[in-house]
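K.L.:
Below you will find the structure I want to go over with you.
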Amino acid sequence: MSLIVQKYGGTSVGTVERIKEVAKKIIEYRNQGHDLVIVVSAMSGETNRLIDLAKQLSDQPRGRELDVLLSTGEQVTIALLSMALMQMGIPAVSYTGSQVRILTDNSHNKARIVDINEHNLRKDLKEGKVVVVAGFQGCDEHGNITTLGRGGSDTTAVALAAALKADECQIYTDVDGVYTTDPRVVSEARRLDSITFEEMLEMASLGAKVLQIRSVEFASKYNVPLRVLSSFTEGGGTLITAEDPSMEQALISGIAFNRDEAKLTILGVPDHPGIASKILGPIAAENIEVDMIIQNTGKDATTDFTFTVHRNDYQSALNILNNTAEKLGAREVNGNEHIAKISVVGVGMRSHAGIASTMFDALAQDNINIIMISTSEIKISVVIDEKYLELGVRTLHKAFKLEQDR
Ligand code: ADP
Ligand code: ASP
Ligand code: MG
1 MSLIVQKYGG TSVGTVERIK EVAKKIIEYR NQGHDLVIVV SAMSGETNRL IDLAKQLSDQ
61 PRGRELDVLL STGEQVTIAL LSMALMQMGI PAVSYTGSQV RILTDNSHNK ARIVDINEHN
121 LRKDLKEGKV VVVAGFQGCD EHGNITTLGR GGSDTTAVAL AAALKADECQ IYTDVDGVYT
181 TDPRVVSEAR RLDSITFEEM LEMASLGAKV LQIRSVEFAS KYNVPLRVLS SFTEGGGTLI
241 TAEDPSMEQA LISGIAFNRD EAKLTILGVP DHPGIASKIL GPIAAENIEV DMIIQNTGKD
301 ATTDFTFTVH RNDYQSALNI LNNTAEKLGA REVNGNEHIA KISVVGVGMR SHAGIASTMF
361 DALAQDNINI IMISTSEIKI SVVIDEKYLE LGVRTLHKAF KLEQDR
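So for the sequence shown, UniProt numbering puts the first residue at 1; every next one is plus one.
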């Protein structure tokens, strides 16, 4: 008998009708003889609605209270799905994160899972029940409710699969797998039958929100077979696996993009050792994460320094940088919130030259100006004007012939 953890995202459980459809799907699986643990998200739009309610009361609601609020979305769907299953004659039981005891650290709104007590779940499974667990939430050691960050239900599912040593973790969503790029932006995007953990990690961290990055980290660390599929259509979806050395490597497996960044520049900073840490230290002290960094070679004993942060942190970063500029005697500070980042990802890049020039040529052909560049072993990212994001993604998809079958 195999044990499968299935996760259904917001659109998949967006209405009572959809919840009934999901219940039917679960029953089909159960009839094939699988033990099932089901993780659900809040109904689509619900988490946004709750955030909006909080924002109407406070610009910066306290993390603890915000988590109490946000966790209610998933509490609704576990109850409804369990009721639907029972109505169809299947024994089911619902658990919130703290009822399972999904223990997390105490960083509210972006907590990390530390431990899962799977004792009760195993007992229920043995009794033939379908276990339904709320995604996206847990509790800290004092019992405070925590949430895992946007898209966190994916991570709940993979963490449960790891803890229960499940045979597979299936992520059901509104697309039928992982594509070469977001199929909502490029209609020629092609579904991948499989992708390596390493590539999926890059794709997720560079903006492909089909899986939360931590879910991929977990799956890779504990070797959980992970599959992305559609809850609306049949099909095998995309398997995310460890790299198989015998597999022929595609040069580029996908293109990810992200509109969530903003760029800040400090110009004419007196150039001496320690400048980078003097500029970025105060930013880090405010818990603001920096992504790309560029320091120009100095001229006239001064230098320019540019970096990007999440758009939500733009205003605070700008205030901090203005302060720093005054202290260091820099000439000027400027910023731009209307940028976007496009990245091409592929493990095959390691052994092939020329990817960067193909990328830059293609963008130049379309007159798209590159503002920043950063590379790592298996990805190249560029920052461009937000206006040209979709055009840029489509152009690169074509330039690397990603629409063609390999
Ligand atoms: P869920 O609510 O089921 O968790 P999400 O909206 O979080 O679903 O993730 C699915 C969405 O991810 C798709 O609708 C698609 O627009 C987007 N997406 C972005 N990049 C990709 C990609 N490379 N492959 C597939 N989907 C992608
Ligand atoms: N409901 C949460 C969100 O919208 C978690 C999830 O769906 O994965 O981010
Ligand atoms: Mg999601």
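C-beta: ideal position from N, C-alpha, C; glycine also. Predicted model, so just to flag it, every value in this text is computed and none were measured.
Going along the chain, which residues of its own chain have a beta-carbon closer than 6 Å to the beta-carbon of Thr11, five neighbours each way excluded?
P.N.:
The residue labelled residue 11 in the question sits at position 11 within the sequence shown. So the list reads Ser44, Asp174, once near-sequence residues are dropped.
K.L.:
Taking 8 Å as the cut-off, is the beta-carbon of Ser153 closer than that to any non-hydrogen atom of the ligand ADP?
P.N.:
The residue given as residue 153 occupies position 153 in the sequence shown. Flag set: Cβ of Ser153 near the ligand ADP.
K.L.:
Looking only at its own chain, which residues have a Cβ that is under 6 Å from the Cβ of Ser41, when we skip the five neighbours before and after it?
P.N.:
In the sequence shown, residue 41 corresponds to position 41, counting from 1. Gly9, Gly10, Gly135, Ser153.
K.L.:
Could you tell me the boundaries of the alpha helix (DSSP H) in which Thr282 lies?
P.N.:
Counting from 1 along the sequence shown, the entry for residue 282 is found at position 282. For the sequence presented, residue 282 should be read as Pro rather than Thr. In the DSSP annotation of this structure, the continuous segment of the alpha helix (DSSP H) that includes Pro282 starts and ends at 275-285.
K.L.:
Near Leu402, what residues of its chain come up, given a Cβ to Cβ distance below 6 Å and the 5 sequence neighbours on each side ignored?
P.N.:
Position 402 of the sequence shown, counted from the first residue, corresponds to residue 402. Same-chain partners within the cutoff: Thr180.
K.L.:
Taking 8 Å as the cut-off, is the beta-carbon of Val393 closer than that to any non-hydrogen atom of the ligand MG?
P.N.:
Indexing the sequence shown from 1 puts residue 393 at position 393. Checking the Cβ of Val393 against the ligand MG gives no.
K.L.:
Report the three-state DSSP secondary structure of Ala208 (helix, strand or coil).
P.N.:
Along the sequence shown, read from residue 1 onward, the residue named residue 208 stands at position 208. In the structure shown, Ala208 sits in coil (DSSP, three-state: anything other than H, G, I, E or B).
K.L.:
Is Ser44 near the ligand ADP, judged by its Cβ being under 8 Å from some heavy atom?
P.N.:
Against the sequence shown, residue 44 aligns to sequence position 44. Ser44: yes, Cβ under 8 Å from the ligand ADP.
K.L.:
Would the beta-carbon of Lys398 fall within 9 Å of that of Ala362?
P.N.:
The residue you call residue 398 lines up with position 398 of the sequence shown. The residue you call residue 362 lines up with position 362 of the sequence shown. Their beta carbons are under 9 Å apart, which means Lys398 touches Ala362 by this criterion.
K.L.:
Excluding the 5 residues flanking Val185 on each side, which residues of the same chain have their C-beta closer than 8 Å to its C-beta?
P.N.:
Residue numbering aside, residue 185 sits at position 185 when the sequence shown is read from its first letter. Within the same chain, Val185 has close Cβ partners Phe257, Glu390, Val393, Arg394.
K.L.:
Select from Leu239, Ser98, Asn287, Glu127 the residue whose C-alpha is nearest the C-alpha of Asp140.
P.N.:
Position 140 of the sequence shown holds residue 140. Ranking Leu239, Ser98, Asn287, Glu127 by Cα distance to Asp140 puts Ser98 first.
K.L.:
Restricting to runs no shorter than 4 residues, where is the alpha helix (DSSP H) found entirely within the segment 86-132?
P.N.:
97-100, 119-126
K.L.:
Under a Cβ-count criterion, where at least 16 other Cβ atoms within 10 Å of its own Cβ denotes burial, should Lys341 be classed as buried or exposed?
P.N.:
Here the question's residue 341 lines up with position 341 in the sequence shown. Burial call: buried.
K.L.:
Rounded to the nearest angstrom, what separates Glu386 and Asn369 at their Cα positions?
P.N.:
The sequence position of residue 386 within the sequence shown is 386, counting from 1. The sequence position of residue 369 within the sequence shown is 369, counting from 1. Approximately 11 Å between the Cα atoms of the pair.
K.L.:
Rounded to whole angstroms, how far is the Cβ of Ile78 from the Cβ of Val132, which I believe are closer than 8 Å?
P.N.:
Counted from its first residue, the sequence shown places residue 78 at position 78. Counted from its first residue, the sequence shown places residue 132 at position 132. Rounded, the Cβ-Cβ distance is 5 Å, consistent with contact.
K.L.:
Can you tell which of Thr303, Glu337, Lys165, Thr155 has its C-alpha closest to the C-alpha of Ile213?
P.N.:
Looking up residue 213 in the sequence shown gives position 213. Nearest of Thr303, Glu337, Lys165, Thr155 to Ile213, Cα basis: Thr155.
K.L.:
So, is Leu57 buried or exposed, given that buried needs 16 or more other C-beta atoms within 10 angstroms?
P.N.:
Taking the first residue of the sequence shown as position 1, residue 57 is located at position 57. Counting Cβ neighbours within 10 Å, Leu57 comes out exposed, since fewer than 16 surround it.
K.L.:
Nearer than 8 Å: is that true of the beta carbon of Val5 relative to any heavy atom of the ligand ADP?
P.N.:
Position 5 of the sequence shown, counted from the first residue, corresponds to residue 5. False, no ligand heavy atom lies under 8 Å from that Cβ.
K.L.:
I need the boundaries of the beta strand (DSSP E) containing Gln60, first residue and last residue.
P.N.:
Here residue 60 corresponds to residue number 60 of the sequence shown, with the count starting at 1. In the DSSP annotation of this structure, Gln60 is not part of any beta strand (DSSP E), being labelled neither H nor E.
K.L.:
Looking only at its own chain, which residues have a Cβ that is under 7 Å from the Cβ of Ile195, when we skip the five neighbours before and after it?
P.N.:
As a position in the sequence shown, residue 195 is number 195, starting the count at 1. Cβ neighbours of Ile195 beyond the five flanking positions: Val178, Thr238, Ile240, Ser253.
K.L.:
Confirm, please, whether the CB-CB distance from Ala159 to Ile113 is below 9 Å.
P.N.:
For the purposes of this step, residue 113 is taken as residue 113 along the sequence shown, with counting starting at 1. For the purposes of this step, residue 159 is taken as residue 159 along the sequence shown, with counting starting at 1. Yes; because the gap between Cβ atoms is below 9 Å, this pair is in contact.
K.L.:
Which term fits Thr375, buried or exposed, when burial requires 16 or more other beta carbons within 10 angstroms of its beta carbon?
P.N.:
Locating residue 375 in the sequence shown gives position 375, where the first residue counts as 1. The residue in question, Thr375, is exposed, as its Cβ has fewer than 16 Cβ neighbours within 10 Å.
K.L.:
On a Cα-Cα basis, can you pick out the residue from Val269, Gly151, Gly73, Leu318 that is closest to Asp304?
P.N.:
Along the sequence shown, one-based indexing puts residue 304 at 304. Among Val269, Gly151, Gly73, Leu318, the Cα nearest to that of Asp304 is on Val269.
K.L.:
Per DSSP, what kind of secondary structure is Ser187 in: helix, strand or coil?
P.N.:
In the sequence shown, counting from the first residue as 1, residue 187 sits at position 187. Note: Ser187 maps to coil in three-state DSSP.
K.L.:
Determine the burial state of Ser343: buried for a count of at least 16 other Cβ atoms within 10 Å of its Cβ, exposed for fewer.
P.N.:
Looking up residue 343 in the sequence shown gives position 343. Label assigned to Ser343: buried.
K.L.:
Run through DSSP, which three-state label would Gly149 get?
P.N.:
Counted from its first residue, the sequence shown places residue 149 at position 149. Reduced to three states, the DSSP call for Gly149 is coil.
K.L.:
What does the alpha-carbon distance come out to for the pair Leu396 and Tyr388?
P.N.:
In the sequence shown, residue 396 corresponds to position 396, counting from 1. In the sequence shown, residue 388 corresponds to position 388, counting from 1. Those two C-alpha atoms are separated by around 12 Å.
K.L.:
For a test of the three-state rule: what should DSSP assign to Ser231, helix, strand or coil?
P.N.:
Taking the first residue of the sequence shown as 1, we reach residue 231 at position 231. DSSP places Ser231 in coil when its eight states are reduced to three.
K.L.:
Round the Cβ separation of Leu103 and Gly138 to the nearest angstrom and send it over; I've been treating them as touching at under 8 Å.
P.N.:
Indexing the sequence shown from 1 puts residue 103 at position 103. Indexing the sequence shown from 1 puts residue 138 at position 138. Gly138 and Leu103 do touch by the CB rule: their CB atoms are close to 6 Å apart, below 8 Å.
K.L.:
So which of Leu201, Ser351, Arg49 has the shortest CA-CA distance to Phe218?
P.N.:
Here residue 218 corresponds to residue number 218 of the sequence shown, with the count starting at 1. Ranking Leu201, Ser351, Arg49 by Cα distance to Phe218 puts Leu201 first.
K.L.:
In whole angstroms, what separates the C-alpha of Ala92 from that of Val345?
P.N.:
Position 92 of the sequence shown, counted from the first residue, corresponds to residue 92. Position 345 of the sequence shown, counted from the first residue, corresponds to residue 345. Looking at the two C-alpha atoms, the distance is approximately 41 Å.
K.L.:
Applying the criterion that 16 or more other CB atoms from any shown protein chain within 10 Å of the CB defines a buried residue, is His108 buried or exposed?
P.N.:
Taking the first residue of the sequence shown as 1, we reach residue 108 at position 108. Per the 10 Å Cβ criterion, buried.
K.L.:
Taking Asn117 and Val130 to be in contact with their CB atoms under 8 Å, please state how far apart those CB atoms are, rounded to whole angstroms.
P.N.:
Counting from 1 along the sequence shown, the entry for residue 117 is found at position 117. Counting from 1 along the sequence shown, the entry for residue 130 is found at position 130. Their Cβ separation, rounded to whole angstroms, is 19 Å, which puts Asn117 and Val130 out of contact at 8 Å.
K.L.:
Is Leu211 near the ligand MG, judged by its Cβ being under 8 Å from some heavy atom?
P.N.:
For the purposes of this step, residue 211 is taken as the residue at position 211 of the sequence shown. Leu211: yes, Cβ under 8 Å from the ligand MG.
K.L.:
Whole alpha helix (DSSP H) runs in the UniProt domain "ACT" (344-406) with 4 or more residues, listed along the chain?
P.N.:
Look at the UniProt domain "ACT" (344-406) and you find these whole runs of alpha helix (DSSP H), each 4 residues long or longer: 355-365, 389-399.
K.L.:
For Glu46, collect the residues of the same chain with a Cβ closer than 6 Å to its Cβ; drop the 5 residues on either side in sequence, then sort them by chain order.
P.N.:
Within the sequence shown, the letter at position 46 stands for residue 46. Result list for Glu46: Gly73, in chain order.
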